[in-house]
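The block underneath contains the structure these notes are about, expressed in structure tokens.
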Amino acid sequence: MGCEITTCSFVTAPLTSHSQPVPDRRKELFLFVTALEQVQRNLAPRLCHRLRCNRFGVTLLLVSLSHAALEQVQSNLAPRLCDRLRCNRYLLLIKTRYGDEAEILVEEILRHGQDTASDVILQAFSRLNNTPKVGKADLGSLRDKFSLLVTKQFIMRCPSPTDEEGTVPVLTVKERELYLPPDLNLKNLLAMEQGQGGSTGDEGVYWRINLDRFHQEFRDQIMVSAIERRIDADAGELMRLLLQQMYLRTEPWAAISNPVPYTELKEVIRKQSSHPQLGVYLDQYLKVMEEDLSKFISKVGDSAGGQYSVNIKNSFTELTWTTIENIVLERSGSKAARIFRLIRAKKFAEQEQIQQVAMIPAKECKLLTYKLLEESFLQMQELRKSLAANVPNKTFFLFHIELDQVARMVLEVCYKALFNALTRRDHEHKENRRLIEKHQRIESITQSMREQGADQEQLTEIEEMLTPPETTLLGKIQTMIKRLSEAELQLDETVFVLQLYLSYL
1 MGCEITTCSF VTAPLTSHSQ PVPDRRKELF LFVTALEQVQ RNLAPRLCHR
51 LRCNRFGVTL LLVSLSHAAL EQVQSNLAPR LCDRLRCNRY LLLIKTRYGD
101 EAEILVEEIL RHGQDTASDV ILQAFSRLNN TPKVGKADLG SLRDKFSLLV
151 TKQFIMRCPS PTDEEGTVPV LTVKERELYL PPDLNLKNLL AMEQGQGGST
201 GDEGVYWRIN LDRFHQEFRD QIMVSAIERR IDADAGELMR LLLQQMYLRT
251 EPWAAISNPV PYTELKEVIR KQSSHPQLGV YLDQYLKVME EDLSKFISKV
301 GDSAGGQYSV NIKNSFTELT WTTIENIVLE RSGSKAARIF RLIRAKKFAE
351 QEQIQQVAMI PAKECKLLTY KLLEESFLQM QELRKSLAAN VPNKTFFLFH
401 IELDQVARMV LEVCYKALFN ALTRRDHEHK ENRRLIEKHQ RIESITQSMR
451 EQGADQEQLT EIEEMLTPPE TTLLGKIQTM IKRLSEAELQ LDETVFVLQL
501 YLSYL
């Protein structure tokens, strides 16, 4: 089951290269106030789960902010928009691990931003009963699934106001209550579902999605997949077990984990039998991963087989380098990528040195180098060498790479590309809405008749309501929308890697 995502032009407008300041302040104010309802509808309940805004607060924000300050607010909201675009990935993760009931619970919270446990369970119960393909829902099972999601920290408790008399409420929550499952009475839940009234005792206690927990899972998947591609599936399983043991002694978002003893790791591998070869060649796998240039893990000491730490910061630094190298390769070709890798290895390099080592003709090498410089993939540093007083100083121009700066530049480009893909997909839907709706109606009628036992001749007659030109056009539209959706997923993966790298700086 998916969660429909809509974008808000107020937030995403500065992500395009065509954003221009509005010179007329009255026109700017008019546009802001006109878009107020759209802002509230998209930001308050559906996009920003941690930003609760009402009409008065949003109006003051729109009226009082200058254009520069507004751009700053919008740039800060861009990562939150990406979180909302990952909605389907959140639901897929939950469905894969905990089933359809847990997926609908999470979807209901995503839909409302935050809600009480009883309301979420009752809404999920109603949806499951109205879904033909799903069996009859059970309130007890839904309550247990909700408690399980809280225990696993995918759902967390929202802060509550403590000072009711103050003009500005203070929102607080005790740390031990963040992931404490709610105590809900099943009889009261059943009575409320049947419309008999009553109280479940959780009024005023709201819950929301813990996005950091989902991002932690995505981060681990990226690291495991990277090791699998670089070595093999057994090495990926070893990486997964190392991360699993890491959480027993280290904060989830620490840059470097506390060491995991070799004996403990060997015992964990012995108990699981899905990768028997891993237990046999554990020493060799650890040595290969330790000596690999990516440096995902490092060895600490040699006693009792040694201890191993997971270097998450270094892992995503290497993944960011690889991501940017691939972008350079796709945009400018293999020779430009060779120049980029050479400057990365040399740290600083002159133009003549690049030409000699990269083995590229001088004119082409210079053209590619300055193209990368123009696109901000390379930076240039001027170095003056002092000679005698009566001799002019000699100047050197050294090319180098500031990874932080390049990562931020690429992230901004990804934001623009993501907005363009979303805008284009919406445009295709609007321009061809009648044809798409007609196709959906025909599919619905065909499915209904098939369930009623209609013969093939009747089904063919219904399908022929779509003319050949319409069928051809519909195929092109569906192909375009599919490609745009795939582009959004790939862009989101790149954005996620870059965001994680920048978060560890």
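Residue 1 is where the sequence shown starts when you use full-length UniProt numbering, and the numbers rise one by one after that. Each residue gets a CB set at the ideal place from its N, CA and C atoms; glycine is no exception.
For Gln-452, same chain residues with a beta-carbon under 6 Å away, outside a window of 5 residues either side, do not exist. Ranked by how close their Cα comes to the Cα of Asn-185, the residues Ser-199, Lys-145, Thr-172, Leu-403 have Ser-199 in first place. From the listed residues Ile-354, Glu-290, Phe-316, the smallest Cα separation to Gln-307 is found for Glu-290. In terms of Cα proximity to Gln-114, the closest of Met-156, Ile-354, Gln-196 is Met-156. Closest in alpha carbon position to Arg-441, among Leu-422, His-427, Asn-420, Glu-464, is Glu-464.
C-alpha of Leu-189 to C-alpha of Leu-148: approximately 18 Å in a straight line. Runs of the alpha helix (DSSP H) spanning 4 or more residues and lying entirely within the stretch 410-447 do not occur at all.
Going by C-alpha positions, Glu-325 is about 20 Å away from Gln-351. In the three-state scheme derived from DSSP, where H, G and I count as helix and E and B as strand, Val-173 is classed as coil. Cβ-Cβ distances below 8 Å link Gly-201 to Asp-183, Leu-184, Asn-185, Asn-188 in the same chain, with the five nearest sequence neighbours on each side left out; the list follows chain order. Contact check for Ile-343 against Ala-337 fails: the beta carbons are separated by 8 Å or more. A direct Cα-Cα distance of roughly 43 Å separates Val-150 from Glu-431.
Around the CB of Phe-296, 16 or more other CB atoms lie within 10 Å, so the residue is classed as buried. Excluding its 5 nearest sequence neighbours in each direction, Gly-279 has C-beta neighbours in its own chain below 7 Å: Ile-269, Arg-270, listed in chain order. The three-state secondary structure of Lys-136, taken from DSSP, is coil.
An exposed status is given to Lys-476, since fewer than 16 other beta-carbon atoms sit within 10 Å of its beta-carbon.
Excluding the 5 residues flanking it on each side, Ile-327 has same chain C-beta neighbours closer than 7 Å at Val-410, in chain order. Of Val-168, Glu-101, Gln-153, the smallest CA-CA separation from Gly-140 is found for Glu-101. With 16 or more other CB atoms across the displayed protein chains lying within 10 angstroms of its CB, Val-495 is buried. Using a Cβ-Cβ distance cut-off of 8 Å, the stretch 403-418 and the stretch 359-374 are not in contact, since fewer than three pairs of beta carbons, one from each stretch, lie closer than that value. With respect to the 8 Å criterion, Ile-462 and Ile-445 are classified as neighbours on the basis of their beta carbons.
Ala-124 and Leu-110 do not touch by the CB rule: their CB atoms are close to 12 Å apart, not below 8 Å. Assignment of Lys-295 by DSSP, reduced to helix, strand and coil, places it in the coil class. Distance from the CA atom of Val-120 to the CA atom of Lys-95, rounded to whole angstroms, is 17 Å. Under the rule that a run must span 4 or more residues, the alpha helix (DSSP H) segments found entirely inside the stretch 337-365 read 351-358.
About 7 Å separates the Cβ atoms of Ser-160 and Leu-171, confirming a contact at the 8 Å cut-off.
Around Asn-258, the same chain offers Arg-249, Thr-250 as residues with beta carbons nearer than 6 Å, after the five sequence neighbours per side are excluded.
Put simply, the stretch 225-233 does not touch the stretch 208-217. Fewer than three CB pairs are less than 8 Å apart. The straight-line gap separating the alpha-carbon atoms of Arg-84 and Gln-221 is approximately 19 Å.
The bridge partners DSSP lists for Ser-225 come to none.
In the DSSP annotation of this structure, Val-120 is not part of any beta strand (DSSP E); the continuous alpha helix (DSSP H) holding it starts and ends at 117-129. In this chain, Phe-154 is not harboured by any beta strand (DSSP E), its DSSP state being neither H nor E. Beta-bridge partners assigned by DSSP to Asn-185: none are found. For Ala-226, the closest of Leu-319, Met-192, Pro-181 by C-alpha to C-alpha distance is Leu-319. The beta carbon of Gly-236 lies closer than 6 Å to those of Val-224, Ile-227, Glu-228 in the same chain, with the five residues before and after it left out. Considering only Glu-412, Gln-490, Gly-333, the residue with the shortest C-alpha distance to Ile-360 is Gly-333.
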